[in-house]
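Residue numbers (UniProt numbering): 1 to 448.
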(Lines of atoms letter the chains of each structure in order from A; the text may use other names.)
(Lines give C-alpha, C1' and ligand atoms only; values in the text may rest on other atoms or scores of the structure.)
Protein backbone atom coordinates (compact mmCIF):
# COMPACT_ATOMS: atom_id res chain seq x y z
CA UNK A 1 0.00 0.00 0.00
CA UNK A 2 1.14 3.53 -0.62
CA UNK A 3 -0.12 6.54 1.22
CA UNK A 4 0.71 8.61 -1.86
CA UNK A 5 -0.60 6.31 -4.62
CA UNK A 6 -3.92 5.22 -6.05
CA UNK A 7 -6.87 4.38 -3.81
CA UNK A 8 -6.91 0.78 -2.62
CA UNK A 9 -10.24 -0.61 -1.48
CA UNK A 10 -10.14 -3.18 1.31
CA UNK A 11 -12.72 -5.57 2.77
CA UNK A 12 -12.90 -7.11 6.24
CA UNK A 13 -15.13 -10.15 6.77
CA UNK A 14 -16.29 -11.75 10.00
CA UNK A 15 -13.38 -13.78 11.36
CA UNK A 16 -12.91 -16.69 13.67
CA UNK A 17 -11.13 -16.23 17.00
CA UNK A 18 -7.96 -14.11 16.84
CA UNK A 19 -5.02 -16.01 18.30
CA UNK A 20 -1.27 -15.51 18.62
CA UNK A 21 1.28 -12.75 19.22
CA UNK A 22 0.80 -9.29 17.76
CA UNK A 23 4.22 -7.63 17.55
CA UNK A 24 3.19 -4.12 16.56
CA UNK A 25 5.64 -1.57 15.12
CA UNK A 26 7.62 1.01 17.05
CA UNK A 27 5.97 4.12 18.46
CA UNK A 28 5.41 6.71 15.75
CA UNK A 29 5.71 9.75 18.02
CA UNK A 30 9.02 8.57 19.46
CA UNK A 31 10.33 7.53 16.02
CA UNK A 32 9.79 11.05 14.61
CA UNK A 33 11.50 12.59 17.62
CA UNK A 34 14.44 10.17 17.61
CA UNK A 35 15.30 11.21 14.05
CA UNK A 36 14.84 14.93 14.71
CA UNK A 37 16.75 15.04 18.01
CA UNK A 38 19.47 12.87 16.49
CA UNK A 39 19.80 15.40 13.66
CA UNK A 40 20.24 18.20 16.23
CA UNK A 41 22.87 16.35 18.27
CA UNK A 42 26.60 16.46 17.66
CA UNK A 43 27.72 12.93 16.78
CA UNK A 44 25.98 9.67 15.88
CA UNK A 45 22.66 8.61 17.41
CA UNK A 46 21.75 4.93 17.14
CA UNK A 47 18.07 3.95 16.95
CA UNK A 48 16.49 0.51 17.25
CA UNK A 49 12.83 -0.37 16.76
CA UNK A 50 12.17 2.65 14.52
CA UNK A 51 8.74 2.59 12.87
CA UNK A 52 9.37 2.30 9.14
CA UNK A 53 5.98 3.68 8.09
CA UNK A 54 5.80 6.34 5.40
CA UNK A 55 5.28 9.18 7.90
CA UNK A 56 8.57 8.43 9.63
CA UNK A 57 10.41 7.77 6.37
CA UNK A 58 9.32 11.23 5.22
CA UNK A 59 10.81 12.72 8.40
CA UNK A 60 14.06 10.82 7.76
CA UNK A 61 14.18 12.29 4.25
CA UNK A 62 13.58 15.77 5.66
CA UNK A 63 16.48 15.41 8.11
CA UNK A 64 18.74 14.47 5.19
CA UNK A 65 17.51 17.53 3.30
CA UNK A 66 18.52 19.74 6.24
CA UNK A 67 22.03 18.27 6.27
CA UNK A 68 22.01 15.32 8.68
CA UNK A 69 23.28 11.91 7.58
CA UNK A 70 20.53 9.33 8.12
CA UNK A 71 21.21 5.65 7.38
CA UNK A 72 19.30 2.37 7.70
CA UNK A 73 21.27 -0.71 8.80
CA UNK A 74 18.53 -3.33 9.03
CA UNK A 75 14.92 -3.66 10.15
CA UNK A 76 14.24 -0.81 12.57
CA UNK A 77 17.98 -0.09 12.99
CA UNK A 78 19.06 3.40 11.97
CA UNK A 79 21.82 5.90 12.68
CA UNK A 80 21.70 9.70 12.50
CA UNK A 81 24.86 11.80 12.30
CA UNK A 82 23.66 15.16 13.55
CA UNK A 83 24.63 18.72 12.65
CA UNK A 84 24.07 20.30 16.07
CA UNK A 85 21.52 22.80 17.35
CA UNK A 86 21.19 25.59 14.79
CA UNK A 87 23.23 23.62 12.25
CA UNK A 88 20.51 22.92 9.69
CA UNK A 89 21.41 23.92 6.13
CA UNK A 90 18.88 25.31 3.71
CA UNK A 91 17.21 22.47 1.79
CA UNK A 92 17.47 22.49 -2.00
CA UNK A 93 13.97 21.11 -2.59
CA UNK A 94 10.48 21.22 -1.11
CA UNK A 95 10.08 19.23 2.12
CA UNK A 96 7.22 16.76 1.54
CA UNK A 97 5.87 15.47 4.86
CA UNK A 98 3.29 13.21 3.24
CA UNK A 99 0.42 12.54 5.64
CA UNK A 100 2.20 13.48 8.86
CA UNK A 101 0.96 16.38 10.97
CA UNK A 102 3.47 15.43 13.65
CA UNK A 103 6.36 15.41 11.19
CA UNK A 104 5.64 18.75 9.55
CA UNK A 105 4.89 20.62 12.78
CA UNK A 106 7.95 19.33 14.63
CA UNK A 107 10.24 20.01 11.67
CA UNK A 108 8.87 23.54 11.33
CA UNK A 109 9.70 24.13 14.98
CA UNK A 110 13.18 22.70 14.55
CA UNK A 111 14.13 25.11 11.72
CA UNK A 112 12.18 28.16 12.96
CA UNK A 113 15.12 29.72 14.81
CA UNK A 114 17.78 29.05 12.16
CA UNK A 115 18.19 31.73 9.43
CA UNK A 116 17.24 29.52 6.50
CA UNK A 117 14.18 29.22 4.26
CA UNK A 118 12.24 26.02 3.58
CA UNK A 119 9.03 25.14 1.75
CA UNK A 120 6.73 22.48 3.19
CA UNK A 121 3.96 20.47 1.58
CA UNK A 122 2.14 17.18 2.08
CA UNK A 123 -0.55 14.96 0.67
CA UNK A 124 -4.14 16.07 0.05
CA UNK A 125 -5.11 15.33 3.66
CA UNK A 126 -2.20 17.22 5.22
CA UNK A 127 -2.75 20.21 2.94
CA UNK A 128 -6.20 20.63 4.51
CA UNK A 129 -4.93 20.74 8.09
CA UNK A 130 -4.39 24.05 9.96
CA UNK A 131 -0.78 25.07 10.54
CA UNK A 132 -1.52 28.41 12.20
CA UNK A 133 -1.60 26.75 15.61
CA UNK A 134 2.14 26.14 15.13
CA UNK A 135 3.23 29.09 12.98
CA UNK A 136 1.56 31.61 15.31
CA UNK A 137 3.79 30.77 18.30
CA UNK A 138 6.82 30.29 16.02
CA UNK A 139 6.33 33.88 14.81
CA UNK A 140 6.99 35.03 18.38
CA UNK A 141 10.58 33.80 17.97
CA UNK A 142 10.90 35.87 14.77
CA UNK A 143 10.03 33.16 12.25
CA UNK A 144 7.90 34.16 9.25
CA UNK A 145 5.38 31.87 7.54
CA UNK A 146 3.70 32.30 4.16
CA UNK A 147 1.02 29.74 3.35
CA UNK A 148 -2.32 29.27 1.66
CA UNK A 149 -5.47 30.89 3.00
CA UNK A 150 -6.27 29.59 6.47
CA UNK A 151 -2.63 28.85 7.24
CA UNK A 152 -2.47 25.70 5.15
CA UNK A 153 0.26 23.95 3.15
CA UNK A 154 2.11 24.47 0.88
CA UNK A 155 3.91 26.93 3.15
CA UNK A 156 7.23 28.77 3.12
CA UNK A 157 8.99 29.29 6.46
CA UNK A 158 11.76 31.84 6.91
CA UNK A 159 13.71 31.11 10.08
CA UNK A 160 14.53 33.87 12.55
CA UNK A 161 17.93 35.47 12.06
CA UNK A 162 17.95 36.84 15.63
CA UNK A 163 15.56 34.64 17.59
CA UNK A 164 14.27 35.65 20.99
CA UNK A 165 13.08 33.34 23.78
CA UNK A 166 9.34 32.89 24.19
CA UNK A 167 6.88 32.29 27.02
CA UNK A 168 3.82 30.61 25.54
CA UNK A 169 0.62 29.19 27.00
CA UNK A 170 -0.94 26.52 24.79
CA UNK A 171 -4.50 27.53 23.80
CA UNK A 172 -5.35 23.88 23.07
CA UNK A 173 -3.91 20.64 24.43
CA UNK A 174 -1.45 19.67 21.69
CA UNK A 175 1.81 17.78 22.04
CA UNK A 176 2.68 18.80 18.49
CA UNK A 177 2.44 22.53 19.24
CA UNK A 178 4.24 22.13 22.57
CA UNK A 179 7.05 20.20 20.90
CA UNK A 180 7.38 22.68 18.03
CA UNK A 181 7.82 25.56 20.48
CA UNK A 182 10.37 23.63 22.55
CA UNK A 183 12.31 22.67 19.43
CA UNK A 184 12.38 26.29 18.31
CA UNK A 185 13.53 27.28 21.79
CA UNK A 186 16.61 25.08 21.48
CA UNK A 187 18.28 27.65 19.21
CA UNK A 188 17.00 30.75 20.98
CA UNK A 189 19.00 32.46 23.74
CA UNK A 190 17.79 32.44 27.32
CA UNK A 191 14.84 30.41 28.55
CA UNK A 192 11.82 29.38 26.53
CA UNK A 193 8.78 28.50 28.63
CA UNK A 194 5.74 26.49 27.54
CA UNK A 195 2.67 26.28 29.78
CA UNK A 196 0.04 23.60 29.21
CA UNK A 197 -3.16 23.59 31.22
CA UNK A 198 -3.73 19.89 30.48
CA UNK A 199 -0.84 17.43 30.23
CA UNK A 200 -0.15 16.01 26.76
CA UNK A 201 2.21 13.25 25.68
CA UNK A 202 5.62 14.03 27.13
CA UNK A 203 8.00 12.23 24.74
CA UNK A 204 9.70 15.48 23.72
CA UNK A 205 10.48 16.43 27.31
CA UNK A 206 11.80 12.95 28.14
CA UNK A 207 13.96 12.81 25.03
CA UNK A 208 15.28 16.37 25.32
CA UNK A 209 16.52 15.56 28.82
CA UNK A 210 18.01 12.29 27.53
CA UNK A 211 19.88 14.16 24.78
CA UNK A 212 21.34 16.58 27.33
CA UNK A 213 19.05 19.61 27.22
CA UNK A 214 18.52 21.64 30.40
CA UNK A 215 14.76 21.23 30.83
CA UNK A 216 12.54 21.28 33.88
CA UNK A 217 8.82 20.68 34.44
CA UNK A 218 6.98 22.22 37.37
CA UNK A 219 3.35 22.18 38.44
CA UNK A 220 1.80 25.57 39.23
CA UNK A 221 -1.59 27.22 39.31
CA UNK A 222 -1.14 27.81 35.56
CA UNK A 223 -0.68 24.09 34.82
CA UNK A 224 2.48 22.31 33.69
CA UNK A 225 5.29 24.85 33.25
CA UNK A 226 8.10 23.56 31.02
CA UNK A 227 11.29 25.61 31.02
CA UNK A 228 14.06 25.00 28.46
CA UNK A 229 17.45 26.72 28.41
CA UNK A 230 18.46 27.57 24.87
CA UNK A 231 21.52 26.67 22.82
CA UNK A 232 22.70 23.48 24.52
CA UNK A 233 24.98 20.99 22.79
CA UNK A 234 22.85 17.90 22.47
CA UNK A 235 24.66 14.60 22.96
CA UNK A 236 24.00 11.62 20.66
CA UNK A 237 22.07 8.79 22.24
CA UNK A 238 21.12 5.16 21.77
CA UNK A 239 17.32 5.15 21.46
CA UNK A 240 15.26 1.98 21.82
CA UNK A 241 11.80 2.81 20.46
CA UNK A 242 9.00 1.02 22.38
CA UNK A 243 6.02 -0.43 20.55
CA UNK A 244 3.29 2.04 19.64
CA UNK A 245 0.22 2.03 21.93
CA UNK A 246 -1.81 3.67 19.16
CA UNK A 247 -0.97 0.85 16.73
CA UNK A 248 -1.48 -1.78 19.44
CA UNK A 249 -5.00 -0.42 19.90
CA UNK A 250 -6.16 -2.10 16.67
CA UNK A 251 -5.33 -5.76 17.45
CA UNK A 252 -6.29 -5.17 21.11
CA UNK A 253 -9.73 -3.81 20.21
CA UNK A 254 -10.24 -6.46 17.53
CA UNK A 255 -9.59 -9.22 20.08
CA UNK A 256 -11.98 -7.64 22.60
CA UNK A 257 -14.93 -7.75 20.17
CA UNK A 258 -14.19 -10.98 18.24
CA UNK A 259 -15.64 -14.06 19.92
CA UNK A 260 -13.15 -16.60 21.30
CA UNK A 261 -10.08 -14.40 20.79
CA UNK A 262 -6.95 -14.33 22.95
CA UNK A 263 -3.81 -12.51 21.84
CA UNK A 264 -0.50 -11.40 23.33
CA UNK A 265 0.91 -7.96 22.52
CA UNK A 266 4.49 -7.57 23.81
CA UNK A 267 6.37 -4.44 24.83
CA UNK A 268 3.68 -1.76 24.48
CA UNK A 269 4.42 1.73 25.81
CA UNK A 270 2.53 2.52 29.03
CA UNK A 271 3.45 6.18 29.17
CA UNK A 272 0.80 7.84 31.34
CA UNK A 273 0.28 10.54 28.71
CA UNK A 274 -0.61 7.87 26.12
CA UNK A 275 -2.59 5.17 27.96
CA UNK A 276 -6.05 6.75 28.15
CA UNK A 277 -7.56 4.18 25.79
CA UNK A 278 -6.43 1.27 27.94
CA UNK A 279 -7.81 2.84 31.12
CA UNK A 280 -11.11 3.40 29.30
CA UNK A 281 -11.30 -0.15 27.95
CA UNK A 282 -10.71 -1.62 31.41
CA UNK A 283 -13.48 0.61 32.79
CA UNK A 284 -15.76 -0.77 30.06
CA UNK A 285 -15.08 -4.33 31.21
CA UNK A 286 -12.29 -5.29 28.84
CA UNK A 287 -10.28 -8.38 29.75
CA UNK A 288 -6.75 -7.00 29.44
CA UNK A 289 -3.83 -8.18 31.54
CA UNK A 290 -0.76 -5.95 31.91
CA UNK A 291 2.23 -8.25 32.40
CA UNK A 292 5.95 -7.79 33.04
CA UNK A 293 5.96 -4.00 33.55
CA UNK A 294 9.42 -2.54 32.90
CA UNK A 295 11.29 0.41 31.39
CA UNK A 296 12.78 0.43 27.89
CA UNK A 297 14.47 3.42 26.30
CA UNK A 298 13.32 5.67 29.14
CA UNK A 299 9.66 4.72 28.60
CA UNK A 300 7.47 2.43 30.75
CA UNK A 301 6.27 -0.64 28.83
CA UNK A 302 4.28 -3.80 29.54
CA UNK A 303 3.11 -6.94 27.74
CA UNK A 304 -0.64 -7.10 27.13
CA UNK A 305 -2.74 -10.28 27.24
CA UNK A 306 -6.14 -9.60 25.69
CA UNK A 307 -9.24 -11.82 25.60
CA UNK A 308 -12.66 -11.56 24.01
CA UNK A 309 -14.81 -9.51 26.39
CA UNK A 310 -18.55 -10.32 26.09
CA UNK A 311 -19.55 -8.03 28.96
CA UNK A 312 -18.34 -4.69 27.58
CA UNK A 313 -20.57 -1.84 28.74
CA UNK A 314 -20.91 1.75 27.63
CA UNK A 315 -19.45 4.48 29.83
CA UNK A 316 -18.95 8.24 29.81
CA UNK A 317 -15.29 8.85 29.01
CA UNK A 318 -13.86 11.66 31.19
CA UNK A 319 -13.20 14.61 28.85
CA UNK A 320 -9.93 15.40 30.62
CA UNK A 321 -8.64 12.04 29.37
CA UNK A 322 -8.83 13.18 25.73
CA UNK A 323 -5.20 14.35 25.36
CA UNK A 324 -3.93 10.89 26.39
CA UNK A 325 -6.06 9.04 23.82
CA UNK A 326 -6.95 11.51 21.09
CA UNK A 327 -5.80 9.18 18.29
CA UNK A 328 -7.70 6.21 19.72
CA UNK A 329 -11.26 7.57 19.73
CA UNK A 330 -12.03 6.15 16.25
CA UNK A 331 -11.30 2.56 17.27
CA UNK A 332 -12.87 3.14 20.71
CA UNK A 333 -16.09 4.11 18.92
CA UNK A 334 -15.98 0.70 17.20
CA UNK A 335 -15.61 -1.08 20.55
CA UNK A 336 -18.46 1.05 21.89
CA UNK A 337 -20.69 -0.20 19.07
CA UNK A 338 -20.19 -3.79 20.35
CA UNK A 339 -20.75 -2.85 24.01
CA UNK A 340 -24.05 -2.87 25.86
CA UNK A 341 -25.40 0.61 26.55
CA UNK A 342 -24.23 4.05 25.53
CA UNK A 343 -20.68 5.38 25.34
CA UNK A 344 -20.32 9.16 25.57
CA UNK A 345 -17.11 10.83 24.38
CA UNK A 346 -16.96 14.56 25.18
CA UNK A 347 -14.17 17.09 24.81
CA UNK A 348 -13.08 15.61 21.49
CA UNK A 349 -13.34 18.59 19.10
CA UNK A 350 -9.62 18.14 18.33
CA UNK A 351 -10.71 15.10 16.29
CA UNK A 352 -12.23 17.44 13.73
CA UNK A 353 -8.80 18.77 12.66
CA UNK A 354 -6.83 15.52 12.47
CA UNK A 355 -6.03 13.72 9.19
CA UNK A 356 -9.78 13.96 8.62
CA UNK A 357 -12.78 15.17 10.59
CA UNK A 358 -12.71 11.97 12.60
CA UNK A 359 -15.98 12.60 14.44
CA UNK A 360 -17.84 12.96 11.15
CA UNK A 361 -15.97 10.08 9.47
CA UNK A 362 -16.71 7.61 12.26
CA UNK A 363 -20.29 8.81 12.73
CA UNK A 364 -21.18 8.43 9.06
CA UNK A 365 -19.45 5.07 8.73
CA UNK A 366 -20.96 3.59 11.88
CA UNK A 367 -24.40 4.81 10.84
CA UNK A 368 -23.94 3.09 7.49
CA UNK A 369 -23.14 -0.10 9.43
CA UNK A 370 -26.40 0.16 11.38
CA UNK A 371 -25.22 1.87 14.59
CA UNK A 372 -27.15 4.78 16.14
CA UNK A 373 -24.92 7.84 16.63
CA UNK A 374 -25.29 11.30 18.14
CA UNK A 375 -22.75 14.07 17.72
CA UNK A 376 -22.07 17.76 18.10
CA UNK A 377 -18.95 19.85 17.57
CA UNK A 378 -17.23 18.46 20.66
CA UNK A 379 -19.05 15.15 21.32
CA UNK A 380 -19.51 11.68 19.86
CA UNK A 381 -22.11 9.33 21.39
CA UNK A 382 -22.36 5.67 20.33
CA UNK A 383 -25.36 3.55 21.23
CA UNK A 384 -23.96 0.05 21.60
CA UNK A 385 -25.56 -3.01 20.01
CA UNK A 386 -23.91 -5.66 22.18
CA UNK A 387 -21.56 -8.51 21.14
CA UNK A 388 -21.96 -9.31 17.46
CA UNK A 389 -24.79 -6.80 17.17
CA UNK A 390 -23.43 -4.53 14.42
CA UNK A 391 -25.12 -5.36 11.08
CA UNK A 392 -22.22 -4.11 8.93
CA UNK A 393 -22.56 -4.54 5.19
CA UNK A 394 -21.40 -1.02 4.26
CA UNK A 395 -18.54 0.64 2.40
CA UNK A 396 -17.04 3.36 4.63
CA UNK A 397 -15.12 6.41 3.45
CA UNK A 398 -11.67 6.85 5.00
CA UNK A 399 -10.94 10.43 3.85
CA UNK A 400 -7.22 9.58 3.44
CA UNK A 401 -7.06 8.78 7.17
CA UNK A 402 -5.14 5.69 8.26
CA UNK A 403 -6.91 5.38 11.64
CA UNK A 404 -10.37 5.60 10.09
CA UNK A 405 -9.43 2.85 7.62
CA UNK A 406 -8.07 0.51 10.30
CA UNK A 407 -10.99 1.18 12.67
CA UNK A 408 -13.60 0.07 10.13
CA UNK A 409 -11.53 -2.97 9.14
CA UNK A 410 -11.49 -3.95 12.83
CA UNK A 411 -15.28 -3.51 12.93
CA UNK A 412 -15.64 -5.89 9.99
CA UNK A 413 -14.00 -8.71 11.97
CA UNK A 414 -16.96 -8.89 14.37
CA UNK A 415 -19.88 -7.46 12.36
CA UNK A 416 -22.61 -9.67 10.92
CA UNK A 417 -21.72 -8.75 7.33
CA UNK A 418 -18.40 -7.69 5.86
CA UNK A 419 -17.34 -4.05 5.95
CA UNK A 420 -15.39 -2.38 3.17
CA UNK A 421 -13.32 0.81 3.13
CA UNK A 422 -12.95 2.89 -0.02
CA UNK A 423 -9.21 3.43 0.46
CA UNK A 424 -6.84 1.57 2.76
CA UNK A 425 -3.67 2.94 1.18
CA UNK A 426 -2.99 5.53 3.97
CA UNK A 427 -2.48 2.67 6.48
CA UNK A 428 1.13 2.47 5.33
CA UNK A 429 1.82 5.86 6.93
CA UNK A 430 1.69 4.46 10.47
CA UNK A 431 1.20 0.67 10.43
CA UNK A 432 2.68 -0.82 7.25
CA UNK A 433 2.34 -4.43 8.51
CA UNK A 434 -1.31 -4.04 9.63
CA UNK A 435 -2.89 -6.29 7.00
CA UNK A 436 -0.35 -9.10 7.37
CA UNK A 437 -0.31 -8.92 11.16
CA UNK A 438 -4.10 -9.02 11.51
CA UNK A 439 -4.52 -11.81 8.98
CA UNK A 440 -1.77 -13.73 10.77
CA UNK A 441 -3.89 -13.59 13.92
CA UNK A 442 -6.90 -14.95 12.05
CA UNK A 443 -8.59 -11.91 10.50
CA UNK A 444 -10.07 -12.05 7.00
CA UNK A 445 -8.94 -8.80 5.35
CA UNK A 446 -8.58 -8.71 1.58
CA UNK A 447 -8.08 -6.18 -1.18
CA UNK A 448 -11.08 -5.29 -3.26
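Beta carbons are placed, not taken as given, at the ideal position from N, Cα and C, and that holds for glycine.
Computed from a prediction, not measured in an experiment: that's the story for all the values here.
Three-state class that DSSP yields for residue i in the structure shown
i	result
residue 495	Within the shown structure, residues of the chain are numbered from 1 to 448, placing residue 495 beyond reach of any answer.
residue 104	helix
residue 311	coil
residue 200	coil
residue 195	strand
residue 288	strand
residue 328	helix
residue 18	coil
residue 453	In the structure displayed, the chain extends from 1 to 448; residue 453 sits before or after that span and is not available.
residue 54	helix
residue 335	helix
residue 443	coil
residue 323	helix
residue 343	strand
residue 355	coil
residue 162	coil
residue 6	coil
residue 298	coil
residue 262	strand
residue 437	helix
residue 293	strand
For residue i, the first and last residue of its enclosing alpha helix (DSSP H)
i	result
residue 33	28-40
residue 276	276-283
residue 185	175-186
residue 250	245-257
Contacts around residue i, its chain only, beta-carbon distance under 7 Å, and the 5 residues preceding and following it disregarded
i	result
residue 2	At residue 2, the pLDDT of 37 sits below 50, so the modelled position is not reliable and the matter cannot be decided from this model.
Residue span of the beta strand (DSSP E) that contains residue i, given as start and end
i	result
residue 211	Where residue 211 is concerned, there is no enclosing beta strand (DSSP E), given that its DSSP letter is neither H nor E.
residue 227	223-229
residue 149	Here residue 149 belongs to no beta strand (DSSP E), and DSSP marks it neither H nor E.
residue 425	Where residue 425 is concerned, there is no enclosing beta strand (DSSP E), given that its DSSP letter is neither H nor E.
residue 240	238-240
residue 169	167-169
Cβ shell of residue i (< 6 Å), same chain only, five flanking positions each side left out
i	result
residue 69	81
residue 173	198, 200 and 323
residue 307	262 and 287
residue 16	442
residue 349	377 and 378
residue 228	182, 185, 192 and 215
residue 97	58, 103, 104 and 122
residue 372	383
residue 446	11
residue 144	158
residue 310	387
residue 340	313, 384 and 386
residue 133	177
Same chain, Cβ closer than 8 Å to residue i, neighbours up to 5 away in sequence not counted
i	result
residue 111	66, 88, 118, 157 and 159
residue 356	125, 398, 399, 400, 401 and 404
residue 21	263, 264, 265 and 266
residue 85	40, 186, 187, 231, 232, 233 and 234
Task: Sufficient close CB pairs (3 or more, under 8 Å) joining the region 234-249 to the region 168-177 - done: No, the region 234-249 does not touch the region 168-177.
- [ ] Report the residue ranges of all alpha helix (DSSP H) runs contained in full by the region 370-418; include only those spanning at least 4 residues, in chain order.
- [x] 402-412
Open item on the list: Please give the ranges of any beta strand (DSSP E) in the region 71-133, keeping only runs that are unbroken, at least 3 residues long and fully inside the region.
Closed with: 77-83 and 117-121
TODO: Evaluate contact between the region 399-417 and the region 331-343, counting only Cβ atoms and requiring at least three cross-stretch pairs below 8 Å.
DONE: Yes, they touch.
Open item on the list: Three or more C-beta pairs under 8 Å: does that hold for the region 33-53 against the region 204-223?
Closed with: Inter-segment contact for the region 33-53 and the region 204-223 is present: three or more beta-carbon pairs are separated by less than 8 Å.
- [ ] Report yes or no: do the region 213-228 and the region 16-33 share at least 3 C-beta pairs separated by less than 8 Å?
- [x] The region 213-228 vs the region 16-33: no contact.
Open item on the list: Under 8 Å, with one C-beta from each stretch per pair, do the region 238-253 and the region 7-27 reach the 3-pair mark?
Closed with: yes
Task: the region 296-306 touching the region 50-61, judged by at least three CB pairs closer than 8 Å - done: no
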